[in-house]
Amino acid sequence: MTSIELPHPDADIVDRRDAIVKDLTAIVGARAIISDVDGRRAYETDAFTAYKRLPLAVILPETTEVVAAVLGYCHQNGIKVVPRGAGTSLCGGALPAEDAIVVGVSRMNKVIEIDTSARTARVQTGITNLAISAAVGPNGFFYAPDPSSQLACTLAGNIAMNSGGAHCLKYGVTTNNILGVKLVMMDGSIVDIGGDHLDAEGYDLLALVVGSEGQLGVVTEATVRILPQAEGARPMLIGFESTAKASICVSRIIASGIVPVAIEFMDRPAIEVCEAFAKAGYPLDVEALLIVEVEGSEEEIGDRLAYIAGLAEELGPTSLIISADDAQSARIWKGRKSAFGAIGRKADYLCMDGTIPLSQLTHVLEEIGNICSRYGLGVANVFHAGDGNLHPLVMYDANDLRQAERAEQAGADILRLCVSVGGCLTGEHGVGIEKRDLMRVQFSDVDLAQQMRIKTLFDPAWLLNPAKVFPLDGRPQPIRAGPPVAVTPVAAE
Amino acid sequence: MSELLRPAADWELKSLITQCGEQNRPVEVVGSGTKRAIGHPVDASAMITTASLRGITLYEPTELVMSARAGTPLSQIEVELASRGQMLPFEPLDFSAALASPGGQATIGGVFATNNSGARRISVGSARDHLIGMRGVNGRAEQFKSGGRVMKNVTGYDVARALTGSWGTLAIMTEVTFKVAPLPDDIATIVYSGLPEDLAVELLSLAMGTPYEVSGTVHLTSGHAARIGTAPLAGQKTSLTALRIENFMKSVRYRKSRLIDALKAYGRPVELDLEASLSFWGELRRMAFTPHSDAILWRISTSPRKAADLVATLRRHMPVEATYDWSGGLVWLEIPDCADAGAADIRRAVAIAGGHATLIRANESVRREVDVFQPQAPGLEKLSRGLKLAFDPQGLLNPGRMYQTM
Ligand SMILES: Cc1cc2nc3c(=O)[nH]c(=O)nc-3n(C[C@H](O)[C@H](O)[C@H](O)COP(=O)(O)OP(=O)(O)OC[C@H]3O[C@@H](n4cnc5c(N)ncnc54)[C@H](O)[C@@H]3O)c2cc1C
Chain L
1 MTSIELPHPD
11 ADIVDRRDAI
21 VKDLTAIVGA
31 RAIISDVDGR
41 RAYETDAFTA
51 YKRLPLAVIL
61 PETTEVVAAV
71 LGYCHQNGIK
81 VVPRGAGTSL
91 CGGALPAEDA
101 IVVGVSRMNK
111 VIEIDTSART
121 ARVQTGITNL
131 AISAAVGPNG
141 FFYAPDPSSQ
151 LACTLAGNIA
161 MNSGGAHCLK
171 YGVTTNNILG
181 VKLVMMDGSI
191 VDIGGDHLDA
201 EGYDLLALVV
211 GSEGQLGVVT
221 EATVRILPQA
231 EGARPMLIGF
241 ESTAKASICV
251 SRIIASGIVP
261 VAIEFMDRPA
271 IEVCEAFAKA
281 GYPLDVEALL
291 IVEVEGSEEE
301 IGDRLAYIAG
311 LAEELGPTSL
321 IISADDAQSA
331 RIWKGRKSAF
341 GAIGRKADYL
351 CMDGTIPLSQ
361 LTHVLEEIGN
371 ICSRYGLGVA
381 NVFHAGDGNL
391 HPLVMYDAND
401 LRQAERAEQA
411 GADILRLCVS
421 VGGCLTGEHG
431 VGIEKRDLMR
441 VQFSDVDLAQ
451 QMRIKTLFDP
461 AWLLNPAKVF
471 PLDGRPQPIR
481 AGPPVAVTPV
491 AAE
Chain B
1 MSELLRPAAD
11 WELKSLITQC
21 GEQNRPVEVV
31 GSGTKRAIGH
41 PVDASAMITT
51 ASLRGITLYE
61 PTELVMSARA
71 GTPLSQIEVE
81 LASRGQMLPF
91 EPLDFSAALA
101 SPGGQATIGG
111 VFATNNSGAR
121 RISVGSARDH
131 LIGMRGVNGR
141 AEQFKSGGRV
151 MKNVTGYDVA
161 RALTGSWGTL
171 AIMTEVTFKV
181 APLPDDIATI
191 VYSGLPEDLA
201 VELLSLAMGT
211 PYEVSGTVHL
221 TSGHAARIGT
231 APLAGQKTSL
241 TALRIENFMK
251 SVRYRKSRLI
261 DALKAYGRPV
271 ELDLEASLSF
281 WGELRRMAFT
291 PHSDAILWRI
301 STSPRKAADL
311 VATLRRHMPV
321 EATYDWSGGL
331 VWLEIPDCAD
341 AGAADIRRAV
351 AIAGGHATLI
361 RANESVRREV
371 DVFQPQAPGL
381 EKLSRGLKLA
391 FDPQGLLNPG
401 RMYQTM
């Protein structure tokens with residue numbers, strides 16, 4: 001796929017590669033830099049695999065100070081920087097460039113402090129999402145946002161993308177669960193924003209940093225909110241003969257005054273693949289399946305699920321299964337959480353991520369089907385229904401360039417559709433390179449200019465994660481830093 | 001008396017700001033002015049109110065979302081929500097009794113512009129957590145929008161959320177879109193008497209660590225507790241420590257008894273039923289513990305772990321009454337009137353504990369001298385200043401209200 005334009009690398013920087021690597025090695029030490037081709041190859045893409053670019057070098061620092069020194073050096077020398085966590089971005093958010101270095105935080109993965117009385121944990125951001133919950137689990141707590149990629153993805157990437165997950169209906173997304181960050185600015189200075197208290201002082205800079213896709217600074221530490229684990233949780237499966245009924249069911253549940261922890265939706269193609277993969281016990285004779293989960297004590301769960309079952313019964317469900325025990329619950333969630341992986345074993349896919357008002361669900365799913373069949377492509381839908389965050393997986397064969405291009409076009413049409421019904425381009429995966437050129441579908445030039453002034457405030461030379469988020473045309477002139485300065489090593493070998 | 005400007009449409013606001021820019025004439029920005037006494041006094045010859053930008057523009061109960069123009073009275077919004085069994089979950093505070101401002105007139109725009117959140121913030125998040133979109137006009141007289149009307153949206157930077165708590169200094173919001181929540185079926189409150197502050201905060205934090213979804217956690221020192229009028233707490237001579245549980249009736253019964261069990265080391269609590277609970281948390285929401293007077297009022301945000309120590313330190317320098325909310329993470333500190341409003345001592349103690357302090361009630365001359373919002377470290381200050389310039393380079397909107405030189 002080549003339809004997304006990536007800027008020509010800065011020849012001057014590429015020519016100076018050897019000197020830059022030498023300087024960086026002096027700053028960070030040989031252990032923290034990867035400069036050989038094979039080593040760099042591992043970082044040439046993220047989970048948006050159609051685009052690949054070999055970075056100039058990869059730095060894997062172990063301290064905030066090293067990150068600061070690297071950024072300061074790059075700032076002085078006009079070198080671009082692509083921050084990276086685990087590289088699971090689905091929108092090309094972590095895609096490198098030939099004239100950029102990758103700064104990966106994966107080695108900064110320690111828990112610094114857990115405070116169960118204040119219900120906070122301070123961690124380095126290279127820690128994986130699941131490792132936070134694992135660290136606080138023995139104390140009876142967990143970290144709420146749960147992207148399906150949680151085993152691999154880092155908190156750094158979650159913060160950059162403002163990631164969500166199945167249980168965000170009740171607990172909010174990343175931005176609702178971060179209290180403070182340590183941010184290394186492109187000029188090498190370090191700023192602490194927020195802290196371990198609930199509301200950060202002054203302007204809400206945290207709101208800007210969370211979701212800024214690595215364009216405002218490199219986040220090296222964060223204080224997250226942790227929550228006590230529920231007494232128990234149990235999902236139920238509700239299958240319908242039509243998506244229309246399923247979507248009415250979602251509306252009725254929410255209107256009834258119950259906000260379950262999760263309401264997930266799968267259509268027939270998704271159900272079939274996930275069932276084959278995970279043996280989750282999903283019914284195979286339905287067009288639409290809801291996974292509804294509630295929390296509480298055994299008795300509360302029973303009451304709540306019975307109530308929801310009652311609401312569903314009125315719509316004549318094809319199938320209604322309440323999970324009998326923890327093992328079955330785990331299988332049900334395993335099926336859902338491995339959906340992308342399972343579909344990925346069957347075909348290449350583009351995962352779209354538009355969010356729509358729930359009232360438009362039936363119409364939009366129908367249109368998505370139409371769009372994909374117009375392009376001669378298959379589609380599976382598996383998504384967070386409670387908050388209208390769709391994930392149509394547009395299937396194609398990556399070896400067939402024409403098909404790949406059609407998939408991109410179908411994806412773009414789907415996102416335009418989402419915006420046209422009052423929704424947005426991306427609910428949790430981010431803009432990256434993938435949706436960059438669609439930003440004007442959702443925003444006016446004035447809206448974008450306002451956002452870009454914030455980018456310029458944090459990174460006047462526009463060196464951090466270039467070519468992402470904002471359309472390439474219409475960007476302000478970068479404000480370059482002063483002349484290069486001497487190298488100062490910070491990491492001993 | 002300054003000139004009062006009442007735009008009734010976005011374009012009208014835009015043209016007013018354009019004129020202000022041309023004449024280099026700063027404006028004070030208000031909703032209905034209920035919180036006008038918070039912040040540095042704004043010196044401006046004109047005032048813009050959003051009061052004529054009224055009306056609920058979208059309400060989808062099945063999607064838990066509402067949009068309203070900025071000047072819509074909060075009371076109207078709450079009535080509309082209640083008619084569908086819903087509410088604003090973050091429970092914005094009513095400052096009118098504490099500041100002697102006209103009651104019941106707060107606007108929804110003002111709620112978000114000040115990130116005004118009450119007791120339930122501890123469990124469901126603040127106003128900023130519930131804002132999902134806005135439209136408005138910045139100090140460049142540009143009409144812009146951010147976010148939208150859907151629950152999940154990471155398209156571009158989160159400018160909408162960044163405007164919460166900016167006190168009208170960056171842009172004037174003309175419409176806000178926010179998440180709402182179902183009203184609970186039942187509410188119960190358990191109240192412990194006479195606990196010292198450190199134990200009280202410990203109890204509140206413990207309660208928040210249980211799975212019972214406690215949705216209110218306050219402690220009032222005896223002076224503040226004495227001002228509570230809800231029976232059977234009225235006339236109380238000792239401190240009060242209260243926990244709220246909200247849910248379906250059966251759940252509330254179950255959770256309350258489990259909680260009382262888990263906390264039995266702290267004594268036997270008084271139980272408030274639904275009606276008494278509504279009255280008690282209503283009093284807190286109206287800040288009945290600190291009615292308007294000469295006394296200075298500070299709002300301190302810190303880690304619950306540090307709160308009681310911080311207040312104890314201050315008590316060595318001055319007489320203090322305090323209401324702890326958010327399981328101790330928010331302290332409403334009342335002290336007698338004094339020259340610098342206690343700023344030097346309070347800010348020193350906050351610097352040690354971490355967090356920040358905002359001066360909420362003091363007379364105008366004091367608010368001209370003392371930093372009302374927490375002075376910032378140089379790195380943060382630079383970003384704040386840059387953000388102000390990014391939205392309002394001429395300094396037209398509420399100049400100096402948050403930071404005297406911005
Ligand atoms: C199978 C699968 C399932 C997924 N499911 C979900 C889901 O349910 N919900 C969801 O929201 N997402 C999901 N994702 C997307 C992805 O996992 C998230 O976007 C995740 O947050 C990315 O984390 P990462 O560590 O891999 O970051 P990367 O991919 O390495 O980077 C993501 C972005 O973060 C920036 N970044 C990285 N580190 C830093 C830093 N230290 N400071 C500043 N910026 C930084 C990068 O520049 C990039 O823009 C899924 C992905 C896959 C492959």
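Chains L and B, in that order, give the protein sequences. With our numbering, the residue at position 34 of the first sequence is 34, and numbering never jumps. With our numbering, the residue at position 352 of the second sequence is 352, and numbering never jumps. Ideal Cβ placement from N, Cα and C applies to all residues, glycine included.
- Is the CB of residue 443/L under 8 Å away from at least one CB in chain B? For this step, residue 443/L is matched to residue 443 along the first sequence. At least one chain B Cβ lies under 8 Å of residue 443/L.
- Task: Please name the residue in 188/B, 145/B and 152/B whose C-alpha comes closest to that of residue 171/B.
- Result: Looking up residue 171/B in the second sequence gives position 171. For the residues 188/B, 145/B and 152/B, the minimum Cα distance to residue 171/B belongs to 145/B.
- Where residue 208/B meets chain L, residues with beta-carbon distance less than 7 Å: Your numbering for residue 208/B matches position 208 in the second sequence. 119, listed in chain order.
- Message: Taking CB distances under 8 Å as the criterion, tell me whether residue 474/L reaches chain B.
- Response: Residue numbering aside, residue 474/L sits at position 474 when the first sequence is read from its first letter. So no, residue 474/L is outside the interface.
- List the residues of chain B whose Cβ lies closer than 7 Å to the Cβ of residue 143/L, in chain order. As a working mapping, residue 143/L is identified with position 143 in the first sequence. Residues of chain B passing the Cβ test: none, with the nearest at roughly 15 Å.
- Query: How would you list, in chain order, the residues of chain D whose beta-carbon sits under 7 Å from the beta-carbon of residue 326/B?
  - Reply: Although the question refers to chain D, the structure presented lacks it and instead comprises the protein chains L and B.
- Message: Measuring alpha carbon to alpha carbon, tell me which residue in 53/B, 192/B and 35/B is nearest residue 10/B.
- Response: Locating residue 10/B in the second sequence gives position 10, where the first residue counts as 1. Ranking 53/B, 192/B and 35/B by Cα distance to residue 10/B puts 53/B first.
- Best match in 163/B, 389/B, 58/B and 29/B for proximity to residue 7/B [C-alpha to C-alpha]: What you label residue 7/B is simply residue 7 of the second sequence in a count that begins at 1. Closest option to residue 7/B, Cα to Cα, is 29/B.
- Query: When every heavy atom of ligand 1 is checked, does at least one fall within less than 7 Å of the C-beta of residue 158/L?
  - Reply: Position 158 of the first sequence, counting from 1, holds the residue named residue 158/L. True, at least one ligand heavy atom lies under 7 Å from that Cβ.
- Task: Out of 458/L, 432/L and 454/L, point me to the one whose CA is closest to residue 472/L's CA.
- Result: Taking the first residue of the first sequence as 1, we reach residue 472/L at position 472. Closest option to residue 472/L, Cα to Cα, is 432/L.
- Cα-Cα separation, residue 85/B to residue 137/L: For the purposes of this step, residue 85/B is taken as the residue at position 85 of the second sequence. For the purposes of this step, residue 137/L is taken as the residue at position 137 of the first sequence. Their Cα atoms are separated by approximately 36 Å.
- Task: Answer yes or no: does any C-beta atom of chain L fall closer than 8 Å to that of residue 373/B?
- Result: Position 373 of the second sequence, counted from the first residue, corresponds to residue 373/B. Answer yes: the Cβ-Cβ gap between residue 373/B and chain L drops below 8 Å somewhere.
- Heavy atom of ligand 1 less than 7 Å from the Cβ of residue 223/L, yes or no? For the purposes of this step, residue 223/L is taken as residue 223 along the first sequence, with counting starting at 1. Result no, Cβ not under 7 Å from ligand 1.
- Would you mind reading off the limits of the beta strand (DSSP E) that contains residue 177/L? Position 177 of the first sequence holds residue 177/L. Taken as a continuous stretch (DSSP letters only), residue 177/L belongs to no beta strand (DSSP E), as it is neither H nor E.
- Does the pairing of the stretch 210 to 228 of chain L with the stretch 144 to 163 of chain B give three or more beta-carbon distances under 8 Å? Cβ pair count under 8 Å is three or more, so yes.
- Query: Are the CB atoms of residue 219/L and residue 156/L nearer to each other than 8 Å?
  - Reply: Reading the first sequence from its first residue, position 219 is the one you call residue 219/L. Reading the first sequence from its first residue, position 156 is the one you call residue 156/L. Yes, the Cβ-Cβ distance between residue 219/L and residue 156/L is below 8 Å.
- Does DSSP classify residue 424/L as helix, strand or coil? Position 424 of the first sequence, counted from the start, is the residue given in the question as residue 424/L. DSSP places residue 424/L in strand when its eight states are reduced to three.
- Going along chain B, which residues have a C-beta under 7 Å from residue 439/L? Translated into the one-based positions of the first sequence, residue 439/L becomes position 439. The answer, in chain order, is 156.
- Query: Does the beta-carbon of residue 94/B have 16 or more other beta-carbons within 10 angstroms, so that it is buried, or is it exposed?
  - Reply: Here residue 94/B corresponds to residue number 94 of the second sequence, with the count starting at 1. With 16 or more other Cβ atoms inside 10 Å of its own Cβ, residue 94/B counts as buried.
- Query: If you drop the 5 nearest sequence neighbours on each side, which residues of the same chain put their C-beta closer than 8 Å to that of residue 456/L?
  - Reply: Here residue 456/L refers to the residue found at position 456 of the first sequence. Leaving aside the five residues that flank residue 456/L on each side, the residues in its chain whose CB is nearer than 8 Å to its CB run, in chain order, 462, 476 and 479.
- Apart from the five residues on each side of it in sequence, which residues of its chain come closer than 6 Å, Cβ to Cβ, to residue 322/B? To locate residue 322/B, count along the second sequence from 1; it is residue 322. Hits under 6 Å: 221, 311, 331 and 333.
- Have a look at residue 117/L and residue 318/L and give me their C-alpha separation to the nearest angstrom. Along the first sequence, read from residue 1 onward, the residue named residue 117/L stands at position 117. Along the first sequence, read from residue 1 onward, the residue named residue 318/L stands at position 318. For residue 117/L and residue 318/L, the gap between their C-alpha atoms comes out near 46 Å.
- Can the beta-carbon of residue 89/B be found less than 8 Å from the beta-carbon of residue 130/B? Sequence index remark: in the second sequence, residue 89/B carries index 89 (1-based). Sequence index remark: in the second sequence, residue 130/B carries index 130 (1-based). Yes, the pair counts as a contact, with Cβ atoms nearer than the cut-off.
- Task: Taking residue 153/L and residue 88/L to be in contact with their CB atoms under 8 Å, please state how far apart those CB atoms are, rounded to whole angstroms.
- Result: In the first sequence, the residue the question calls residue 153/L occupies position 153. In the first sequence, the residue the question calls residue 88/L occupies position 88. That belief holds up - the Cβ atoms of residue 153/L and residue 88/L are roughly 5 Å apart, short of 8 Å.
- Query: Are the stretch 71 to 78 of chain L and the stretch 442 to 453 of chain L touching, with three or more C-beta to C-beta distances below 8 Å?
  - Reply: No, the stretch 71 to 78 of chain L does not touch the stretch 442 to 453 of chain L.
- Using the rule of at least 16 other Cβ atoms within 10 Å of the residue's Cβ for burial, across every protein chain shown, is residue 250/B buried or exposed? For this step, residue 250/B is matched to residue 250 along the second sequence. Residue 250/B should be labelled exposed.
- Query: Comparing the CB of residue 213/L with every heavy atom of ligand 1, is any distance shorter than 7 Å?
  - Reply: If you number the first sequence from 1, residue 213/L lands on position 213. Look at residue 213/L: its beta carbon is less than 7 Å from one of the heavy atoms in ligand 1.
- How big is the Cα-Cα spacing for residue 199/L and residue 301/B? Taking the first residue of the first sequence as position 1, residue 199/L is located at position 199. Taking the first residue of the second sequence as position 1, residue 301/B is located at position 301. Approximately 7 Å, taken between the alpha carbons.
- Under the three-state reduction of DSSP, which class applies to residue 45/B: helix, strand or coil? Residue 45/B sits at position 45 when you count from the first residue of the second sequence. In the structure shown, the three-state DSSP call for residue 45/B is coil.
- Message: For residue 124/B, count the other beta carbons within 10 Å of its own beta carbon; 16 or more makes it buried, fewer makes it exposed. Which is it?
- Response: By 1-based counting over the second sequence, the position of residue 124/B is 124. Residue environment analysis places residue 124/B among the buried positions, since at least 16 neighbouring C-beta atoms fall within 10 angstroms of its C-beta.
- Query: Sorry if obvious, but does the Cβ on residue 458/L come closer than 7 Å to a heavy atom of ligand 1?
  - Reply: Residue mapping note: residue 458/L aligns to position 458 of the first sequence, counting from 1. In this structure, residue 458/L has its beta carbon at no less than 7 Å from each heavy atom of ligand 1.
- Span of the beta strand (DSSP E) holding residue 101/L? Taking the first sequence and counting its residues from 1, the one referred to as residue 101/L is at position 101. Annotation: the continuous beta strand (DSSP E) that includes residue 101/L extends over 100 to 104.
- Query: Does the beta carbon of residue 90/L fall short of 7 Å from some heavy atom of ligand 1?
  - Reply: Counting from one through the first sequence, the residue named residue 90/L turns up at place 90. Yes, since a heavy atom of ligand 1 falls inside the 7 Å radius drawn around the Cβ of residue 90/L.
- Item | the stretch 194 to 204 of chain B touching the stretch 130 to 150 of chain L, judged by at least three CB pairs closer than 8 Å | Short answer: they don't touch.
- Message: Just to make sure I have the definition right: I need the residues of chain B whose C-beta is within less than 9 Å of the C-beta of residue 88/L. Which are they?
- Response: Sequence index remark: in the first sequence, residue 88/L carries index 88 (1-based). Within chain B, no residue comes near residue 88/L; the closest Cβ sits about 15 Å away, beyond 9 Å.
- Query: Any idea if residue 363/B is buried or exposed, counting beta-carbon neighbours within 10 angstroms, 16 or more meaning buried?
  - Reply: Within the second sequence, residue 363/B is the residue found at index 363, counting from 1. By the Cβ-count criterion, residue 363/B is exposed, with fewer than 16 other Cβ atoms from all chains shown falling within 10 Å of its own Cβ.
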